[in-house]
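Numbering (this note's numbering), first residue to last: 1 to 214.
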């Protein structure tokens, strides 16, 4: 026998008991949660190129049409989108020179260069400096001859900076070479070999490029 008294409203009709109220509320909450789960169904993925910028750039003589994020660095685009991994990510702050490439003939730290800024430019990486027949560039060969490397991680950037150093006319003395190569760090300490390599390759480069423009 149920001894629980029945509460009645002022008009004499049975009032809603606390137990009934709690059960009704719990059931309603479950329905609301289920409805929320349905509403949270993920939408179709957004366009992966939304917000990207069309960029036309020539890399090692090959033209590319790319859809690039405005914040993407030239280094990341070269390595991750074009598969050109010669330029290395050392510090990612423009302080070590391992990422050095040429843009329209000028050396740049590709980790600090926005890729979209190279629209209409010609980019040259370490992969693009050898001859079509596979012969090494004189600077590359000189680095080999003078053992101007140890681990080799910084070498692509060193070679690209060294080529620019000669072309800029900053390889006329050892002191000048040291000054204009100071932005490229070799943690293995192969600086003596690097200096010798540049010193030897400089006249070869001048003859080669002089003949090319003759």
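A virtual CB, placed ideally from N, CA and C, is assigned to each residue, including glycine.
Inset, instruction - Compare the beta carbon distance of residue 90 and residue 156 with 7 Å and say whether it is the shorter of the two. - result: no
Legend entry - Cβ of residue 195 within 7 Å of any chain B Cβ: Absent from the structure is chain B; it holds one protein chain and no more.
Legend entry - Segment limits, alpha helix (DSSP H) that includes residue 203: 191 to 213
Inset, instruction - Verify whether the separation of the beta carbon atoms of residue 231 and residue 138 is less than 7 Å. - result: One cannot answer for residue 231 here, as it falls past the ends of the chain, which runs 1 to 214.
Inset, instruction - Could you tell me the boundaries of the alpha helix (DSSP H) in which residue 70 lies? - result: Premise fails: residue 70 is in no alpha helix (DSSP H) and is neither H nor E.
Inset, instruction - Can you say whether residue 210 is buried or exposed, counting buried as having 16 or more other CB atoms within 10 angstroms of its CB? - result: exposed
Legend entry - Nearest residue (CA-CA) to residue 106, options 158, 134, 163 and 52: 163
Legend entry - Beta-carbon proximity check, residue 173 vs residue 111, cutoff 7 Å: no
Inset, instruction - Determine, using beta carbons only, whether residue 115 and residue 68 come nearer to each other than 7 Å. - result: yes
Legend entry - Coil, strand or helix - residue 155 by DSSP: helix
Legend entry - Segment contact, 8 Å Cβ cut-off, at least three pairs: the segment 146 to 155 with the segment 179 to 188: yes
Inset, instruction - Inspect the beta-carbon positions of residue 160 and residue 100 and report whether they are closer than 7 Å. - result: yes
Inset, instruction - In angstroms with no decimal places, state the Cα-to-Cα distance between residue 120 and residue 196. - result: 36 Å
Inset, instruction - Tell me whether residue 79 is buried or exposed, calling it buried when 16 or more other Cβ atoms sit within 10 Å of its Cβ. - result: buried
Legend entry - Backbone CA spacing between residue 143 and residue 51 [nearest angstrom]: 43 Å
Legend entry - Top-ranked residue by Cα proximity to residue 96, from 158, 128, 122 and 81: 158
Inset, instruction - Using three-state DSSP, classify residue 88 as helix, strand or coil. - result: coil
Inset, instruction - Would you tell me roughly how many angstroms separate the C-alpha atoms of residue 66 and residue 167, rounded to the nearest one? - result: 30 Å
Inset, instruction - Could you check what DSSP says for residue 115 in three-state terms: helix, strand or coil? - result: helix
Legend entry - Proximity of residue 193 and residue 146 at Cβ, strictly below 7 Å: yes
Inset, instruction - Note the first and the last residue of the continuous alpha helix (DSSP H) segment covering residue 215. - result: The question about residue 215 has no answer, for the chain in this structure spans 1 to 214.
Inset, instruction - Please name the residue in 61, 179, 203 and 191 whose C-alpha comes closest to that of residue 104. - result: 61
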